[in-house]
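Enquirer: My structure is below; once you've seen it, I'll send some questions.
2 protein chains.
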Amino acid sequence: MKPTRKQEIISRAASLFNERGYSAVSMRDIAKAMDMKAASLYNHISGKQEILSSLILEVAETFTNAMQQITSEEIASVEKIQKIIEVHIDITVSFSENIATLNNDWMHLEGEDLKRVVKMREDYEENFRSIIQQGISEGAIKQNHPEVILFSILSTLRNLYLWNEKRGKMDVNVLKKDMVSVMLKGIV
Amino acid sequence: MKPTRKQEIISRAASLFNERGYSAVSMRDIAKAMDMKAASLYNHISGKQEILSSLILEVAETFTNAMQQITSEEIASVEKIQKIIEVHIDITVSFSENIATLNNDWMHLEGEDLKRVVKMREDYEENFRSIIQQGISEGAIKQNHPEVILFSILSTLRNLYLWNEKRGKMDVNVLKKDMVSVMLKGIV
DNA sequence: CCACAAAACTAACGATTGTTAGTTTGATTT
DNA sequence: AAATCAAACTAACAATCGTTAGTTTTGTGG
Numbered sequence: 001m002k003p004t005r006k007q008e009i010i011s012r013a014a015s016l017f018n019e020r021g022y023s024a025v026s027m028r029d030i031a032k033a034m035d036m037k038a039a040s041l042y043n044h045i046s047g048k049q050e051i052l053s054s055l056i057l058e059v060a061e062t063f064t065n066a067m068q069q070i071t072s073e074e075i076a077s078v079e080k081i082q083k084i085i086e087v088h089i090d091i092t093v094s095f096s097e098n099i100a101t102l103n104n105d106w107m108h109l110e111g112e113d114l115k116r117v118v119k120m121r122e123d124y125e126e127n128f129r130s131i132i133q134q135g136i137s138e139g140a141i142k143q144n145h146p147e148v149i150l151f152s153i154l155s156t157l158r159n160l161y162l163w164n165e166k167r168g169k170m171d172v173n174v175l176k177k178d179m180v181s182v183m184l185k186g187i188v
Numbered sequence: 001m002k003p004t005r006k007q008e009i010i011s012r013a014a015s016l017f018n019e020r021g022y023s024a025v026s027m028r029d030i031a032k033a034m035d036m037k038a039a040s041l042y043n044h045i046s047g048k049q050e051i052l053s054s055l056i057l058e059v060a061e062t063f064t065n066a067m068q069q070i071t072s073e074e075i076a077s078v079e080k081i082q083k084i085i086e087v088h089i090d091i092t093v094s095f096s097e098n099i100a101t102l103n104n105d106w107m108h109l110e111g112e113d114l115k116r117v118v119k120m121r122e123d124y125e126e127n128f129r130s131i132i133q134q135g136i137s138e139g140a141i142k143q144n145h146p147e148v149i150l151f152s153i154l155s156t157l158r159n160l161y162l163w164n165e166k167r168g169k170m171d172v173n174v175l176k177k178d179m180v181s182v183m184l185k186g187i188v
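So the protein lines, in turn, are chains R and P.
Here the first sequence is numbered in full-length UniProt numbering, starting from 1 and rising by one per residue.
Here the second sequence is numbered in full-length UniProt numbering, starting from 1 and rising by one per residue.
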């Protein structure tokens with residue numbers, strides 16, 4: 001399916017947001033990238049804020065759904081963490097610019113959208129935290145501070161999108177294997 | 001020593017940059033946080049860009065110096081990585097808002113400052129990469145893809161600043177021990 | 001207490017911001 | 001060929017941007 005004009009606008013805007021950030025990109029910048037005038041954008045979208053929220057909500061919901069799926073599975077905690085890593089890689093491949101916008105510009109969301117995204121993020125982290133804690137109490141995960149484990153893995157996963165040139169040359173399955181190995185078993 | 005007026009301005013501006021990003025913070029916002037009018041800021045600084053570049057250059061040079069110090073030491077590669085982790089934690093404690101600005105707003109630097117910061121970043125990564133590669137060739141580090149190791153550790157370290165409320169309750173030395181353990185030896 | 005300098009102020013500038021109103025173009029359908 | 005409608009356009013708006021010029025206030029050392 002070829003993308004609608006609206007989808008094109010959102011996609012080009014995402015590239016610009018990722019280069020300079022939401023606030024530094026004007027509607028005229030987006031229009032220029034589309035080869036049109038700023039006013040014409042409003043035939044397709046209701047405003048700058050709609051571009052931001054559709055970029056962010058799309059990927060935030062994708063992550064939420066993936067996490068709920070994994071949480072509900074009846075497998076060992078370590079296996080759940082492995083699946084989280086793999087699903088992060090998959091989503092990053094498909095939504096790399098949405099993720100960049102989520103990471104960098106979520107605070108420019110307004111009203112209900114902002115609340116929803118913050119809530120989804122908190123829930124996501126809480127689910128992840130539970131998995132780690134269960135792994136520790138089962139003895140499958142070492143007794144490090146759970147927050148340190150959570151933070152280390154999540155930081156790496158959330159920044160995967162920064163890594164697209166190098167990742168492009170690397171097979172996704174090899175990447176998954178290496179990431180899982182480094183994060184679960186360490187490097188020494 | 002009590003801070004100069006200029007230092008106060010830069011420090012308050014850093015807080016605002018971290019909440020909303022450089023582009024979304026106006027000189028009038030900074031002035032309001034200082035309880036003065038925007039024009040008065042110019043008695044102390046040459047412009048918005050000077051605030052940004054002094055925040056970023058200060059911490060970028062701190063990292064560069066620390067890395068050069070570690071590189072020059074005659075210790076095992078794994079020990080070097082451990083020192084990098086520890087020094088990142090120390091610098092994050094002292095310069096957390098500078099680091100946030102470096103991470104999020106470096107692209108709004110202009111001219112020579114931008115070039116310098118990008119160069120320092122590349123050099124830093126290259127030094128880190130060499131240490132990892134030497135560790136692998138010595139057999140002290142597992143044969144994962146070096147870029148995966150570099151990226152995983154660096155992502156975690158660069159995002160430490162996001163973690164200040166929780167870290168505040170945690171002893172820095174305990175944090176260092178846990179971080180080193182998680183990143184070097186894994187979690188399972 | 002006066003002189004001087006540092007640091008605040010008011011006012012304004014030209015540029016740019018997101019957005020709206022009203023109009024024209026161009027393609028498709030009747 | 002006429003009618004229709006989506007999608008482009010021009011023009012303009014009020015607000016805000018970083019910054020400058022010129023003036024007044026504030027505090028300090030002689």
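Built from N, CA and C at the ideal position, the CB exists for glycine as well.
(1) Would R:Phe63 pass as an interface residue toward chain P - the criterion being a Cβ-Cβ separation below 8 Å?
(2) DSSP state of P:Ala38, grouped into three classes?
(3) Can you pull the chain P neighbours of R:Ala24, defined as C-beta to C-beta under 9 Å?
(4) Quick one: is R:Phe95 near chain P, going by C-beta distance under 8 Å?
(5) Examine chain P for any beta-carbon lying closer than 8 Å to the beta-carbon of R:Ser155, and answer yes or no.
(6) Report yes or no: is there a C-beta of chain R within less than 8 Å of the C-beta of P:Leu114?
(7) By Cβ distance below 7 Å, which residues in the same chain neighbour P:Asn127 in space, the five residues on each side in sequence not counted?
(8) Just by C-beta distance, which residues in the stretch 69-95 of chain P are closer than 9 Å to chain R?
(9) Using only the alpha-carbon positions, how far apart do R:Asn18 and R:Ser130 sit?
(10) By the 10 Å Cβ neighbour count, where 16 or more other Cβ atoms means buried, how is R:Lys80 classified, buried or exposed?
(11) Tell me which residues of the stretch 117-150 of chain R have at least one Cβ-Cβ distance to chain P shorter than 7 Å, keeping chain order.
(12) Which same chain residues end up closer than 7 Å to P:Ala140 when comparing Cβ atoms and leaving out the 5 residues on each side of it in sequence?
(13) Could you tell me the distance, in whole angstroms, from the CA atom of P:Lys177 to the CA atom of R:Lys142?
(14) Look at R:Ser96 and R:Tyr161 and say whether their C-beta atoms are less than 8 Å apart.
(15) Buried or exposed for R:Leu186, going by 16 or more other Cβ atoms inside 10 Å?
(16) Please report the straight-line C-alpha distance between R:Ser155 and P:Asp123, rounded to a whole angstrom.
(17) Please list the partners that P:Leu16 has in chain R, where partner means a Cβ-to-Cβ separation under 7 Å.
(18) With a threshold of 16 other CB atoms inside 10 Å of the CB of P:Met1, please say whether the residue is buried or exposed.
(19) Helix, strand or coil: which one does DSSP assign to R:Val188?
(20) Step through the CB atoms of chain R and report whether any lies within less than 8 Å of the CB of P:Gly47.
(21) Taking buried to mean at least 16 other C-beta atoms within 10 Å of its own C-beta, is P:Asp90 buried or exposed?
(22) Between the Cα of P:Glu8 and the Cα atoms of P:Glu74, P:Gln49, P:Ile30, which residue gives the shortest distance?
(23) Looking only at its own chain, which residues have a Cβ that is under 7 Å from the Cβ of P:Ser54, when we skip the five neighbours before and after it?
(24) Less than 8 Å between the C-beta atoms of R:Leu157 and R:Gln82, yes or no?
(25) Among R:Trp106, R:Met120, R:Val25, which has the Cα closest to the Cα of R:Phe63?
(26) Reducing DSSP to helix, strand and coil, say where P:Gln69 ends up.
(27) Rounded to the nearest angstrom, what separates R:Val174 and R:Gly111 at their Cα positions?
(28) At the 8 Å Cβ level, is P:Leu184 part of the contact set with chain R, yes or no?
(29) Exposed or buried, which one is R:Asn164 when buried takes at least 16 other CB atoms within 10 Å?
Expert: In short, the structure shows the following:
(1) Numbered from its first residue, the first sequence carries residue 63 of chain R at position 63. Chain P contact via Cβ: absent.
(2) What you label residue 38 of chain P is simply residue 38 of the second sequence in a count that begins at 1. Residue state, collapsed to three classes: helix.
(3) Working through the first sequence from its first residue, we reach residue 24 of chain R at position 24. By Cβ distance, chain P contributes Gly21, Tyr22, Ser23, Ala24, Met107, His108.
(4) The sequence position of residue 95 of chain R within the first sequence is 95, counting from 1. Not closer than 8 Å to any Cβ of chain P, the Cβ of R:Phe95 fails to qualify, so no.
(5) Taking the first sequence and counting its residues from 1, one reaches residue 155 of chain R at position 155. Chain P contact via Cβ: present.
(6) The residue given as residue 114 of chain P occupies position 114 in the second sequence. Answer no: the Cβ-Cβ gap between P:Leu114 and chain R never drops below 8 Å.
(7) In the second sequence, the residue the question calls residue 127 of chain P occupies position 127. The residues are Met67, Thr71.
(8) Val78, Ile81
(9) Residue mapping note: residue 18 of chain R aligns to position 18 of the first sequence, counting from 1. Residue mapping note: residue 130 of chain R aligns to position 130 of the first sequence, counting from 1. The alpha-carbon atoms of R:Asn18 and R:Ser130 are separated by roughly 32 Å.
(10) Taking the first residue of the first sequence as position 1, residue 80 of chain R is located at position 80. So R:Lys80 counts as buried.
(11) Ala140, Ile141, Lys142, Asn144, His145, Glu147, Val148, Ile149
(12) Mapped onto the second sequence, residue 140 of chain P falls at position 140. Cβ within range, chain order: Ala76, Ser77, Val78.
(13) Position 177 of the second sequence, counted from the start, is the residue given in the question as residue 177 of chain P. Position 142 of the first sequence, counted from the start, is the residue given in the question as residue 142 of chain R. So the alpha carbons of these two residues sit roughly 13 Å apart.
(14) In the first sequence, the residue the question calls residue 96 of chain R occupies position 96. In the first sequence, the residue the question calls residue 161 of chain R occupies position 161. Going by C-beta atoms, R:Ser96 is nearer than 8 Å to R:Tyr161.
(15) In the first sequence, residue 186 of chain R corresponds to position 186, counting from 1. Reading the sequence as shown, one finds Gly at residue 186 of chain R and not Leu. Buried is the call here.
(16) Start at 1 with the first residue of the first sequence, and residue 155 of chain R comes out as number 155. Start at 1 with the first residue of the second sequence, and residue 123 of chain P comes out as number 123. Answer to the nearest angstrom: the Cα atoms are 22 Å apart.
(17) Reading the second sequence from its first residue, position 16 is the one you call residue 16 of chain P. The premise fails here: P:Leu16 is roughly 12 Å from chain R at the closest Cβ pair, so nothing lies under 7 Å.
(18) Numbered from 1 along the second sequence, position 1 holds the residue referred to as residue 1 of chain P. Looking at its Cβ environment, which holds fewer than 16 other Cβ atoms inside 10 Å, P:Met1 is exposed.
(19) Position 188 of the first sequence, counted from the start, is the residue given in the question as residue 188 of chain R. Coil, per DSSP.
(20) Here the question's residue 47 of chain P lines up with position 47 in the second sequence. False, the Cβ-Cβ gap to chain R never drops below 8 Å.
(21) Working through the second sequence from its first residue, we reach residue 90 of chain P at position 90. Exposed.
(22) Sequence index remark: in the second sequence, residue 8 of chain P carries index 8 (1-based). Closest option to P:Glu8, Cα to Cα, is P:Ile30.
(23) Taking the second sequence and counting its residues from 1, one reaches residue 54 of chain P at position 54. Here the set comprises Ile10.
(24) Residue mapping note: residue 157 of chain R aligns to position 157 of the first sequence, counting from 1. Residue mapping note: residue 82 of chain R aligns to position 82 of the first sequence, counting from 1. Contact flag unset, no.
(25) Position 63 of the first sequence, counted from the first residue, corresponds to residue 63 of chain R. Answer by Cα proximity: R:Met120.
(26) Counting from one through the second sequence, the residue named residue 69 of chain P turns up at place 69. Looking at P:Gln69 - three-state DSSP - the assignment turns out to be helix.
(27) Stepping through the first sequence from its first residue, residue 174 of chain R is reached at position 174. Stepping through the first sequence from its first residue, residue 111 of chain R is reached at position 111. So the two alpha carbons sit approximately 41 Å from each other.
(28) Counting from one through the second sequence, the residue named residue 184 of chain P turns up at place 184. Yes, contact with chain R.
(29) By 1-based counting over the first sequence, the position of residue 164 of chain R is 164. R:Asn164 is exposed by the Cβ-count criterion.
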